[in-house]
Ligand SMILES: Cc1cc2nc3c(=O)[nH]c(=O)nc-3n(C[C@H](O)[C@H](O)[C@H](O)COP(=O)(O)OP(=O)(O)OC[C@H]3O[C@@H](n4cnc5c(N)ncnc54)[C@H](O)[C@@H]3O)c2cc1C
Ligand code: FES
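Numbering (my numbering), first residue to last: 37 to 326.
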């Protein structure tokens with residue numbers, strides 16, 4: 037049985053005080069979707085910027101001076117070092133303060149935290165990535181990791197669904213993957229008020245009809261709102277996926293990010309330490325997880 041928390045150990049660039057962030061500059065702000073911007077960050081310390089390493093699925097504690105801290109998944113891939121990309125939805129105190137900052141501003145970063153995806157275990161297998169809405173933010177890291185290390189994986193399939201084309205994160209980037217012959221990129225919207233959408237118009241689980249999946253040799257990585265988990269997990273189980281081949285990225289409210297405050301506990305697990313990537317096996321043993 038895959039025990040995620042025991043298989044993960046990524047380097048954490050600690051200062052003497054674990055709560056002390058490293059300063060990073062916002063080098064690019066990409067207004068991708070209304071209230072969903074991508075911030076490209078680079079550590080001020082060049083040595084740290086080039087040595088910084090992480091695992092797809094890990095997150096950073098992002099601090100904006102005077103506003104506080106929030107956990108944000110890393111959307112870029114460790115296969116592209118030097119910068120970090122964070123896809124941030126504007127919802128509250130920290131994210132509103134971040135959106136007010138101009139390019140070149142300096143913010144704080146602690147991390148990387150959490151277990152991340154067990155990419156060594158997944159190597160040599162097929163990879164099925166299923167994202168709904170903002171769930172693409174952590175899964176984009178895994179997708180580019182697999183595409184940049186293409187020989188390490190067998191079939192790579194992405195299924196991504198949002199309500200309407202205007203809400204699709206990384207829309208141009210993902211559309212450019214649709215024609216690739218080394219992966220299958222399936223994009224869908226619930227509806228297309230513009231009439232210009234060139235991909236699928238259907239609910240996300242419908243995309244399973246267009247892919248050939250071999251559950252015994254596939255790891256499925258899933259992230260999205262609760263409704264996505266409900267229907268996608270049901271579909272994966274119907275296909276015959278074993279519970280430890282379904283990996284889910286989950287969110288909980290966090291404070292410390294390092295296993296000290298208990299804010300993110302789910303039963304006896306801490307999301308910041310044992311997660312945010314959990315297997316479906318974990319989820320059925322901790323029913324309040326989803
Ligand atoms: C592991 C992990 C990864 C994440 N990755 C991303 C990511 O990649 N991108 C992203 O945009 N977000 C991500 N999030 C979510 C993000 O951390 C939250 O949205 C965070 O709260 C934003 O901080 P804020 O100060 O802007 O919002 P807050 O001021 O904390 O408010 C956020 C929302 O929560 C509500 N809220 C505030 N306080 C409480 C409370 N005590 N109880 C219940 N609800 C409350 C607010 O009304 C608001 O709707 C991630 C979270 C986790 C745990
Ligand atoms: S956020 Fe403090 S224990 Fe997880």
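No residue lacks a Cβ here, since even glycine has one placed at the ideal position from N, Cα and C.
Close beta carbons around residue 278, own chain, < 6 Å, minus the five adjacent residues each side
Within the chain shown, the letter at position 242 stands for residue 278. So no residue of the chain qualifies.
Whose C-beta lies closer than 6 Å to the C-beta of residue 282 among residues of the same chain, with five residues either side of it excluded?
Locating residue 282 in the chain shown gives position 246, where the first residue counts as 1. Answer for residue 282: 256, 272, 316, listed in chain order.
For residue 239, is the beta carbon positioned less than 6 Å from some heavy atom of ligand 4?
This structure simply doesn't include ligand 4; it includes ligand 1 and ligand 2 instead.
Using only the alpha-carbon positions, how far apart do residue 201 and residue 233 sit?
Counting from one through the chain shown, the residue named residue 201 turns up at place 165. Counting from one through the chain shown, the residue named residue 233 turns up at place 197. Each residue's alpha carbon lies about 7 Å from the other.
From which residue to which residue does the alpha helix (DSSP H) around residue 174 run?
By one-based count along the chain shown, residue 174 stands at place 138. DSSP places residue 174 inside the alpha helix (DSSP H), whose first and last residues are 172–184.
Would you say the beta carbon of residue 314 is closer than 6 Å to some non-hydrogen atom of ligand 1?
Start at 1 with the first residue of the chain shown, and residue 314 comes out as number 278. Checking the Cβ of residue 314 against ligand 1 gives no.
Do residue 128 and ligand 1 come close, with the Cβ less than 6 Å from some heavy atom?
Along the chain shown, read from residue 1 onward, the residue named residue 128 stands at position 92. At least one heavy atom of ligand 1 is found less than 6 Å from the C-beta of residue 128.
Would you report the Cα separation of residue 136 and residue 294, rounded to the nearest angstrom?
Walking along the chain shown from the start, residue 136 turns up at place 100. Walking along the chain shown from the start, residue 294 turns up at place 258. Residue 136 and residue 294 have their C-alpha atoms roughly 28 Å apart.
C-beta atoms of residue 95 and residue 169 nearer than 7 Å
The residue you call residue 95 lines up with position 59 of the chain shown. The residue you call residue 169 lines up with position 133 of the chain shown. The answer is no: Cβ separation not under 7 Å.
If you run the structure through DSSP and keep just helix, strand and coil, what is residue 328?
The structure shown does not extend to residue 328, since the chain is modelled only from 37 through 326, so no value can be given for it.
Contact between the stretch 77–84 and the stretch 53–68 (3+ Cβ pairs under 8 Å)
In this structure the stretch 77–84 lies against the stretch 53–68, because at least three pairs of beta carbons, one per stretch, are closer than 8 Å.
Reduced DSSP secondary structure (H/G/I, E/B, other) of residue 43
To locate residue 43, count along the chain shown from 1; it is residue 7. Unreliable positioning characterises residue 43 in this predicted model, as indicated by a pLDDT of 44, which lies under 50. The coordinate reading is nonetheless provided below. Look at residue 43 here: in three-state DSSP terms it is helix.
From 321, 292, 290, pick the residue whose C-alpha is nearest to that of residue 304; which is it?
As a position in the chain shown, residue 304 is number 268, starting the count at 1. Of all alpha-carbon atoms in 321, 292, 290, the one lying nearest the alpha-carbon of residue 304 is that of 321.
Among the residues of its own chain, which have a CB less than 6 Å from the CB of residue 42, if the five just before and after it don't count?
Here residue 42 corresponds to residue number 6 of the chain shown, with the count starting at 1. Residue confidence for residue 42 is low, a pLDDT of 41 falling below 50, so the modelled location carries little weight and cannot support an answer.
Ends of the alpha helix (DSSP H) at residue 262?
Translated into positions along the chain shown, residue 262 becomes position 226. Boundaries of the alpha helix (DSSP H) harbouring residue 262: 262–275, taken from the DSSP string.
Endpoints, beta strand (DSSP E) assigned at residue 255:
Taking the chain shown and counting its residues from 1, the one referred to as residue 255 is at position 219. Per DSSP, residue 255 belongs to the beta strand (DSSP E) from 254–259.
Please check the pair residue 300 and residue 284, which I expect to be a contact at CB under 8 Å, by giving their CB distance rounded to whole angstroms.
Locating residue 300 in the chain shown gives position 264, where the first residue counts as 1. Locating residue 284 in the chain shown gives position 248, where the first residue counts as 1. A Cβ-Cβ separation of about 15 Å leaves residue 300 out of contact with residue 284 under the 8 Å criterion.
Could you pull the start and end residues of the alpha helix (DSSP H) that residue 84 belongs to?
Within the chain shown, the letter at position 48 stands for residue 84. Under the DSSP assignment, residue 84 falls in the alpha helix (DSSP H) whose first and last residues are 82–87.
Quick check: the Cα distance between residue 250 and residue 196, rounded to an integer number of angstroms?
By one-based count along the chain shown, residue 250 stands at place 214. By one-based count along the chain shown, residue 196 stands at place 160. Spanning the two alpha carbons is a distance of roughly 19 Å.
Touch test, the stretch 125–140 against the stretch 210–219, Cβ-Cβ under 8 Å, three pairs minimum:
The stretch 125–140, when compared against the stretch 210–219, does not touch it at the 8 Å Cβ threshold.
CB-CB under 7 Å to residue 319, same chain, minus the five flanking residues each way: which ones, in chain order?
Residue numbering aside, residue 319 sits at position 283 when the chain shown is read from its first letter. Counting only Cβ-Cβ distances below 7 Å, and skipping sequence neighbours, we find 284, 325, 326.
Kindly provide the ranges of any alpha helix (DSSP H) runs that are 4 or more residues long and lie completely inside the stretch 119–145, ordered along the chain.
Restricting attention to alpha helix (DSSP H) runs no shorter than 4 residues, the stretch 119–145 encloses them at 129–136, ordered along the chain.
What are the start and end residues of each continuous beta strand (DSSP E) run of 3 or more residues lying completely inside the stretch 274–313, in chain order?
Those beta strand (DSSP E) runs which fall completely within the stretch 274–313 and span 3+ residues are 282–285.
Would you mind sorting residue 72 into buried or exposed? The rule is 16 or more other CB atoms within 10 Å of its CB.
By 1-based counting over the chain shown, the position of residue 72 is 36. By the 10 Å Cβ count, residue 72 comes out buried.
Answer with buried or exposed for residue 162, where buried requires no fewer than 16 other C-beta atoms within 10 angstroms of its C-beta.
Counting from 1 along the chain shown, the entry for residue 162 is found at position 126. With 16 or more other Cβ atoms from the protein chains shown falling within 10 Å of its own Cβ, residue 162 counts as buried.
Let me check one thing: in DSSP terms, what residues is residue 222 bridge-paired to?
Here residue 222 refers to the residue found at position 186 of the chain shown. The secondary-structure analysis by DSSP pairs residue 222 across a beta bridge with 195.
Identify, in the order they occur along the chain, each residue of the same chain with its Cβ nearer than 7 Å to the Cβ of residue 108, setting aside the five sequence neighbours on each side.
In the chain shown, the residue the question calls residue 108 occupies position 72. Cβ within range, chain order: 95, 96, 98, 122, 124.
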